[in-house]
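Some notes on the structure that comes next.
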Amino acid sequence: MQHVVKYIRGSDQGLIFGRTDELQFLAFADASHADWQDSKSTEGVVWFFAGSPIAWSTKKYTITANSTTVAEWCVWVKSTPLAHNSVIGYYL
Numbered sequence: 001m002q003h004v005v006k007y008i009r010g011s012d013q014g015l016i017f018g019r020t021d022e023l024q025f026l027a028f029a030d031a032s033h034a035d036w037q038d039s040k041s042t043e044g045v046v047w048f049f050a051g052s053p054i055a056w057s058t059k060k061y062t063i064t065a066n067s068t069t070v071a072e073w074c075v076w077v078k079s080t081p082l083a084h085n086s087v088i089g090y091y092l
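If you count by UniProt numbering, then the sequence shown holds residues 1 to 92, one letter each, in order.
Given below as structure tokens:
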């Protein structure tokens, strides 16, 4: 989180944390089959709980996924434990 805050302080970007009574999980993910620069797969995901981000991850792989569908599916499979661990930590 410190890296994110440091980046935002040095830019004209910002974060807005909302407040809601709705305790709902929401996730956004994206993945690429093969980037044009080096033909490697890239993925990113962010999980929200009650309107605020609780977990996020990005990764560039040293390999290329077989297809865009495989790349997209992999980001969801790998990100589920990330969100689960964040929620467990939130309630402890």
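Glycine included, every Cβ here is placed at the ideal spot set by N, Cα and C.
Cα-Cα, which of Y7, F25, D21 is closest to A55? In the sequence shown, the residue the question calls residue 55 occupies position 55. Ranking Y7, F25, D21 by Cα distance to A55 puts F25 first.
Per DSSP, which residues does L23 bridge with? Please list them. Within the sequence shown, numbered from 1, the residue matching residue 23 stands at position 23. L23 pairs with nothing; no bridge assigned.
Contact between the region 10–17 and the region 38–46 is defined here as three or more beta-carbon pairs at a separation below 8 Å; is this criterion met? no
Would you decide whether V75 is buried or exposed? Buried here means 16 or more other CB atoms lie within 10 Å of its CB. For this step, residue 75 is matched to residue 75 along the sequence shown. So V75 ends up on the buried side.
Should S52 be labelled buried (16 or more other beta-carbon atoms within 10 Å of its own) or exposed? Looking up residue 52 in the sequence shown gives position 52. It counts as exposed.
Put T64 into one of helix, strand or coil per three-state DSSP. What you label residue 64 is simply residue 64 of the sequence shown in a count that begins at 1. DSSP places T64 in coil when its eight states are reduced to three.
Out of curiosity, what's the CA-to-CA distance linking T69 and F49? Counting from 1 along the sequence shown, the entry for residue 69 is found at position 69. Counting from 1 along the sequence shown, the entry for residue 49 is found at position 49. Going by the C-alpha atoms only, they are around 26 Å apart.
For a quick check, are the C-beta atoms of V46 and A27 less than 8 Å apart? As a position in the sequence shown, residue 46 is number 46, starting the count at 1. As a position in the sequence shown, residue 27 is number 27, starting the count at 1. A contact, by the Cβ cut-off of 8 Å.
The beta strand (DSSP E) that contains G44, what's its start and end? The residue labelled residue 44 in the question sits at position 44 within the sequence shown. If you look at G44, you'll find it in the beta strand (DSSP E) that goes 42–49.
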